[in-house]
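Some notes on the structure that comes next.
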């Protein structure tokens, strides 16, 4: 039944379509011609049905309908698939009076919808086994019968189920099921509700929206839908679902309608926007859930995205509808602050920045006057009272896109790029603002580094070097306090071999290098010379760290001279002159340092630590990278046969919270997709890592802990060894502008509170630091550019068993074979690879029975078992017997009667290629059209 609140909202949409039709003279003339022919064609069809009832000659009926459908008029499209179905039935109809009785009765017009439903079921029963390979297709039954029912003037009110009618209703979110009978009866209900005197009008409007005019405006009732959805979202509790099934169902219906409205707008405007921008934009269907927990909440907003080719994944134009208004702008979630950085000046008149708020706040967009940081949306805002009506919105959108065009083409790599260096003060100031907002700077750990420098400076003062503190010096050399000079095994070995006299001599050398007479460059050269003031292993990185600690008014905490993170690389980045290569090493260090300091002091006066962090940030984050030749997410979506926007949504959720978990039955491709998603987002394998948890995984395994080793003298000692998380955190911290990804496979197999420990806090508070178990004197924080993708097999352990604190910190995305992006994956893969498509129907039916028997969706058969080449009958039987059946046997242990139903022979007989489900699967993959333009 149509929800009473939906009737007036759908009416608004139909009025928009009617207004567009009124401007299309060609279509109006075509329909008028069809209406003139309809009485004649209807009378001819009624005669065919009457003759069938009188003679029971189905072959004659088939021949008559063939001739009838080839004539000009509103039913000529029936000569395609409709007539094919009749031919297949007539050619294979057995000499069975009961089957003929069913067919004769089916072509008589039903009196009620229940009677119509019964007719469909009866015809399916007698025709589904008539021919091989799923023909005649049961999915054509409502279409074939409705054509003849629609011609009955005595019992009117039966529209034709042309292909476009249920498809457009589905696309609009007006149709919530694709069951054979249900989808036609939904068309009947809508047609009678809106056009009781001419149900054909509804058919035609759906065809017009599908084939003639995809964009007719944005339904003004979207505001009411968002309001209602927001009210329901307020009752949703993370991890606890909606309070009742009624609100959950209504939230799902509203989300589907919002998604459908904006998706149709995206498809309808695609050609116009391609022409307006000169770019091969792409669009795909958005998701209707926010996927934030076990029972994902449904969205209370909707958007259409036109992704840019060759740009960062998901960057593009976005039309975004919320309860407060409609926005059109340039959207970039992977490059926070991109709008301000790219605009480099005042925005076009009337354009705004938007703050993107979390889903559960209710209102996703708030126009603001300045870049709020985070994901960027910049463009035009219309309160609902100002949204141009109907087709007028098309012109307004194209006008705003024209004004955004320079920025759009810049993001797409076809405009004037940001220069590789930033010598001008005003541009450097813009970059500094981004650095402070995005890193962010300063934070708690930055204050800790400043404190550590003061402690080290005191230990290295001329007075204290007379009583050398070896332990403090080791902390300075080997740790990350006030900068990381890198591993120092040779220097550590030298220090370990020194007695008290040698240590005093070493301290005296340090005092001479750091505070002695002569130019500082000369003292650096002497400190690097082992024959003078140097020591084996005392390299330039440690020596320059010592100068940065003891003389912060001059030296920056940037230690190497060359290499990708050295001073010379930074000089090039800032457009500054490099020191003469003929100078000594000490002279080059000093000149490079002084030139950098002169520039950076203007930005962060008196803050050498901040200046060094900003310089590193500029090297990694703000450097202009070459535009990639293809969108890796788009390519991955094509490879995996998944909706591109589903992957964009996953990426957006990942970067929104920092961590996501894929959960579902085994064999649904969770780990494979996690790996492919990380590869699409970060092509450098050095910046990705995959680990697998098991019941024995510990905090020490995952983060860090002491492990035994043999020292330089062959004696057993213990060292603090980094685990996968610490290693990836270090990589991410050293490259703050580059995303890093850690995949945790089977995350729920371990004792998660024990494994994560205090890191649970950091998952939520990335800008805070904690003192970890093995580093109590050193704050540790998770870099904001380190993202976690977890997978969990819910057949082993329910998501409800996951620690509540951990669950709150992850977005949870379900991977269920029967819903969402996975729903048609197996069928699509089988079709693409030329494998038997009926297998998808078999798996769907088995999973439906398992969901009922096992009271939930978490113990289904995964599609990956059957995504293999060469699926012969023999191989399918082997896969079932040795892979699938043992899994089902585990779930139905102690229930032999129920288990027996899942033996391959019985499953194949019930759901194999000649069954209704197999036929439906093959029919659903057909690209052919049975549509009429009338």
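In our numbering, the protein residues as written are 829 to 1762. Note that CB positions come from ideal geometry on N, CA and C, so glycine has one too. Remember, it's a predicted structure, so these values are computed and weren't measured experimentally.
1) Would you kindly check if the distance between the Cβ of residue 1414 and the Cβ of residue 1352 is under 7 angstroms?
2) Counting C-beta neighbours from all protein chains within 10 Å, is the total for residue 1391 16 or more, i.e. buried, or is it exposed?
3) On the criterion of 16 or more Cβ atoms from any shown chain inside 10 Å, does residue 1213 qualify as buried, or is it exposed?
4) Under the DSSP definition of a beta bridge, which residues are partnered with residue 1621?
5) For the ligand FMN, any of its heavy atoms closer than 6 angstroms to the Cβ of residue 1375?
6) So residue 1144 is in the beta strand (DSSP E); what residue range does that whole segment cover?
7) Considering only DSSP beta bridges, list what residue 1700 is partnered with.
8) Going along the chain, which residues of its own chain have a beta-carbon closer than 6 angstroms to the beta-carbon of residue 1454, five neighbours each way excluded?
9) Using the Cβ count rule (16 or more neighbours within 10 Å means buried), how would you classify residue 1152?
10) Would residue 899 be called buried (16 or more neighbouring beta carbons within 10 Å of its own) or exposed?
11) Can we say the segment 1480-1491 touches the segment 1637-1648, given the rule of at least three CB pairs closer than 8 angstroms?
12) Thinking residue 1190 and residue 1128 are a contact (beta carbons under 8 angstroms), I'd like their distance in whole angstroms, please.
13) Helix, strand or coil: which one does DSSP assign to residue 1308?
14) Which residues does DSSP pair with residue 1518 in a beta bridge?
15) From what residue to what residue does the alpha helix (DSSP H) around residue 1207 run?
16) Hey, could you find the ends of the alpha helix (DSSP H) residue 1724 is sitting in?
17) For a minimum of 4 consecutive residues, which ranges assigned as the alpha helix (DSSP H) are wholly contained in the segment 1632-1684?
18) Would you please state the rounded distance, in angstroms, between the beta carbons of residue 1530 and residue 1551? I believe it to be under 8 angstroms.
19) Measure the alpha-carbon distance for residue 955 versus residue 978 and round it to whole angstroms.
20) Answer yes if the segment 861-868 comes into contact with the segment 1046-1054, meaning at least three C-beta pairs across the two stretches below 8 angstroms, and no otherwise.
21) How many whole angstroms separate the CB atoms of residue 1371 and residue 1355, which I take to be in contact at a CB cut-off of 8 angstroms?
22) Can you list, in chain order, the residues of its chain with a C-beta nearer than 6 angstroms to that of residue 1145? Leave out the 5 residues immediately preceding and following it.
23) Among 1739, 1318 and 1556, which one has its Cα closest to the Cα of residue 1306?
24) Using 8 angstroms as the Cβ pair cut-off and three pairs as the minimum, do the segment 884-901 and the segment 990-999 touch?
25) Since residue 1179 sits in a beta bridge, which residues does DSSP pair it with?
26) Looking only at its own chain, which residues have a Cβ that is under 6 angstroms from the Cβ of residue 1510, when we skip the five neighbours before and after it?
27) Look at the alpha carbon of residue 1396 and the alpha carbon of residue 1379, and state the distance between them as a whole number of angstroms.
28) Nearest by alpha-carbon distance to residue 1447: which of 1283, 1574, 1596 and 1256 is it?
29) Is it buried or exposed for residue 1091, if we count other Cβ within 10 angstroms and need 16 for buried?
30) Between residue 1208 and residue 1156, which are expected to be in contact by the criterion C-beta below 8 angstroms, what is the C-beta distance as a whole number of angstroms?
31) Between residue 1348 and the rest of its own chain, which residues show a CB-CB distance below 7 angstroms, the 5 nearest in sequence each way excluded?
32) Could you check where the alpha helix (DSSP H) with residue 973 kicks off and where it finishes?
33) According to DSSP, which residues form a beta bridge with residue 1533?
34) Looking at residue 1615 and residue 1575, is the spacing between their C-beta atoms short of 7 angstroms?
35) Let's see if you can read the secondary structure: which residues bound the beta strand (DSSP E) around residue 1135?
36) Can you tell me where the beta strand (DSSP E) with residue 1598 in it begins and where it stops?
Let me spell this out:
1) The residue given as residue 1352 occupies position 524 in the chain shown. The residue given as residue 1414 occupies position 586 in the chain shown. A Cβ-Cβ contact shorter than 7 angstroms links residue 1352 with residue 1414.
2) Position 563 of the chain shown, counting from 1, holds the residue named residue 1391. Under this definition residue 1391 is an exposed residue.
3) Looking up residue 1213 in the chain shown gives position 385. Classification for residue 1213: exposed.
4) Position 793 of the chain shown holds residue 1621. For residue 1621, which the question treats as bridged, DSSP gives the partners 1492.
5) Ligands are entirely absent from the displayed structure, and the ligand FMN is therefore not among its contents.
6) Counting from 1 along the chain shown, the entry for residue 1144 is found at position 316. Under the DSSP assignment, residue 1144 falls in the beta strand (DSSP E) whose first and last residues are 1144-1149.
7) Counting from 1 along the chain shown, the entry for residue 1700 is found at position 872. In DSSP, residue 1700 forms no bridge with anything.
8) Within the chain shown, the letter at position 626 stands for residue 1454. Any reading at residue 1454 needs caution, since the residue's pLDDT is 37, under 50, leaving its predicted position unreliable; the model's value is listed next. Excluding five sequence positions before and after residue 1454, none of the CB atoms of its chain fall closer than 6 angstroms to its own CB.
9) Within the chain shown, residue 1152 is the residue found at index 324, counting from 1. Buried.
10) Residue mapping note: residue 899 aligns to position 71 of the chain shown, counting from 1. Per the 10 Å Cβ criterion, exposed.
11) In short, these stretches touch, since the Cβ pair count reaches three.
12) Here the question's residue 1190 lines up with position 362 in the chain shown. Here the question's residue 1128 lines up with position 300 in the chain shown. In this structure, residue 1190 and residue 1128 form a Cβ contact; the two beta carbons are roughly 6 angstroms apart against a cut-off of 8 angstroms.
13) By 1-based counting over the chain shown, the position of residue 1308 is 480. Annotated three-state conformation of residue 1308 is coil, per DSSP.
14) The residue given as residue 1518 occupies position 690 in the chain shown. For residue 1518, DSSP records a beta bridge to 1571.
15) By one-based count along the chain shown, residue 1207 stands at place 379. No alpha helix (DSSP H) contains residue 1207, which is instead part of the beta strand (DSSP E) from 1204-1211.
16) Numbered from 1 along the chain shown, position 896 holds the residue referred to as residue 1724. Under the DSSP assignment, residue 1724 falls in the alpha helix (DSSP H) whose first and last residues are 1724-1728.
17) The segment 1632-1684 is shown to contain whole alpha helix (DSSP H) runs of 4 or more residues at 1632-1636, 1653-1660 and 1666-1681, in chain order.
18) Working through the chain shown from its first residue, we reach residue 1530 at position 702. Working through the chain shown from its first residue, we reach residue 1551 at position 723. Contact flag correct, Cβ pair sits at about 5 angstroms.
19) Residue mapping note: residue 955 aligns to position 127 of the chain shown, counting from 1. Residue mapping note: residue 978 aligns to position 150 of the chain shown, counting from 1. Rounded to whole angstroms, residue 955 to residue 978 spans 22 angstroms at the Cα level.
20) Between the segment 1046-1054 and the segment 861-868 there are fewer than three C-beta pairs closer than 8 angstroms, too few to call the two in contact.
21) As a first step, residue 1371 is located in the chain shown; it is residue number 543 there, counting from the start. As a first step, residue 1355 is located in the chain shown; it is residue number 527 there, counting from the start. About 5 angstroms separates the two Cβ atoms, so the contact holds.
22) For the purposes of this step, residue 1145 is identified with residue 317 of the chain shown, where counting begins at 1. Excluding residues within five positions, the ones whose Cβ falls inside 6 angstroms are 1134.
23) Here the question's residue 1306 lines up with position 478 in the chain shown. The residue from 1739, 1318 and 1556 with its alpha-carbon nearest to that of residue 1306 is 1318.
24) When Cβ pairs closer than 8 angstroms are counted between the two stretches, the segment 884-901 is seen not to touch the segment 990-999, the count staying below three.
25) Here residue 1179 refers to the residue found at position 351 when the chain shown is read from its first residue. DSSP output for residue 1179 lists 1208 as bridge partner(s).
26) As a first step, residue 1510 must be located in the chain shown, where it is residue number 682. Answer for residue 1510: 1516, 1567 and 1569, listed in chain order.
27) Here residue 1396 is taken as the residue at index 568 of the chain shown, counted from 1. Here residue 1379 is taken as the residue at index 551 of the chain shown, counted from 1. Answer to the nearest angstrom: the Cα atoms are 21 angstroms apart.
28) Walking along the chain shown from the start, residue 1447 turns up at place 619. Selected option, being the one with the closest Cα: 1256.
29) Position 263 of the chain shown holds residue 1091. Looking at its Cβ environment, which holds 16 or more other Cβ atoms inside 10 Å, residue 1091 is buried.
30) Numbered from 1 along the chain shown, position 380 holds the residue referred to as residue 1208. Numbered from 1 along the chain shown, position 328 holds the residue referred to as residue 1156. For a cut-off of 8 angstroms, the C-beta gap from residue 1208 to residue 1156 is around 5 angstroms, short enough to register as a contact.
31) Position 520 of the chain shown holds residue 1348. Short of 7 angstroms from the beta carbon of residue 1348, and not among the five residues preceding or following it, lie these beta carbons of its own chain, in chain order: 1418.
32) The count along the chain shown starts at 1 and reaches residue 973 at position 145. Its alpha helix (DSSP H) spans residues 969-977.
33) Within the chain shown, the letter at position 705 stands for residue 1533. 1549.
34) For the purposes of this step, residue 1575 is taken as residue 747 along the chain shown, with counting starting at 1. For the purposes of this step, residue 1615 is taken as residue 787 along the chain shown, with counting starting at 1. Against a cut-off of 7 angstroms, the Cβ pair of residue 1615 and residue 1575 comes out as no contact.
35) By 1-based counting over the chain shown, the position of residue 1135 is 307. Segment 1130-1135, the beta strand (DSSP E) holding residue 1135.
36) Residue 1598 sits at position 770 when you count from the first residue of the chain shown. In the DSSP annotation of this structure, the continuous segment of the beta strand (DSSP E) that includes residue 1598 starts and ends at 1598-1600.
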